[in-house]
Amino acid sequence: MAHHHEPSILLPMILITLSLLSGKQVLASRHLLENTLPVVPEIPKVEVPPHPTLPTLPKLELPPLPKAELQQVLPDHLPTLPPLELPTLPKPEFPAVPHVPALEKPELPPLPELEFPKLPELPALPHLPDLPKPRLPTFPTLPKEITFPFPFPFPSLSPPLSTATP
109 MAHHHEPSIL
119 LPMILITLSL
129 LSGKQVLASR
139 HLLENTLPVV
149 PEIPKVEVPP
159 HPTLPTLPKL
169 ELPPLPKAEL
179 QQVLPDHLPT
189 LPPLELPTLP
199 KPEFPAVPHV
209 PALEKPELPP
219 LPELEFPKLP
229 ELPALPHLPD
239 LPKPRLPTFP
249 TLPKEITFPF
259 PFPFPSLSPP
269 LSTATP
């Protein structure tokens with residue numbers, strides 16, 4: 109029961125805090141609207157000297173390499189392998205396919221013709237009277253010169269002023 113006065117202190121503190129916050133937002137928005145972007149000066153173009161040309165070098169001619177013989181490179185203690193001979197496979201023989209007699213087509217009894225009951229005839233539609241063709245409404249045309257009862261006519265509706273003097 110000792111803290112029953114705290115809610116009365118919170119309300120003024122909240123109001124003061126909100127009023128201070130809202131004032132800063134208005135100032136910040138005005139600050140953003142009033143500031144203009146700074147003008148950036150143009151940077152002068154830098155002139156680059158032309159690329160130096162390199163002298164062309166003569167094409168190098170290499171002497172041809174001597175062809176090395178395989179027998180001289182291999183040491184004498186390695187035996188040579190005989191040429192590889194692959195065995196030939198015999199042609200496979202498949203058994204003959206036995207002859208299967210063709211099956212006779214079964215004779216099916218003819219299908220009976222289906223008889224549908226006759227539908228009752230619909231009565232003829234009544235004759236509707238011919239309606240007159242609808243006409244679009246006509247709108248009255250406005251006169252070319254419009255006069256207004258008040259002394260100051262609208263500038264957009266008044267005729268253009270002539271520049272010629274009478």
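Here the sequence shown stands for residues 109 to 274, numbered as in this note's numbering.
Just so it is clear, CB atoms sit at the ideal spot from N, CA and C, and this is done for glycine as well.
The three-state secondary structure of Leu216, taken from DSSP, is coil. Under the three-state reduction of DSSP, Leu230 is assigned to coil, being neither helix nor strand.
In the structure shown, Pro120 adopts helical secondary structure according to DSSP, grouped into three states.
In the three-state reduction of the DSSP assignment, Glu223 falls in the coil class. Our two residues, Lys199 and Leu186, have alpha carbons roughly 39 Å apart in a direct line.
In the displayed model, Thr161 falls within coil according to three-state DSSP, outside both helix and strand. The three-state reading of DSSP puts Glu142 in helix, counting H, G and I together.
Just so you know, the alpha carbons of Pro248 and Lys241 end up roughly 22 Å apart.
Going by C-alpha positions, Pro146 is about 50 Å away from Ser116. Secondary structure of Thr125 (DSSP, three-state): helix.
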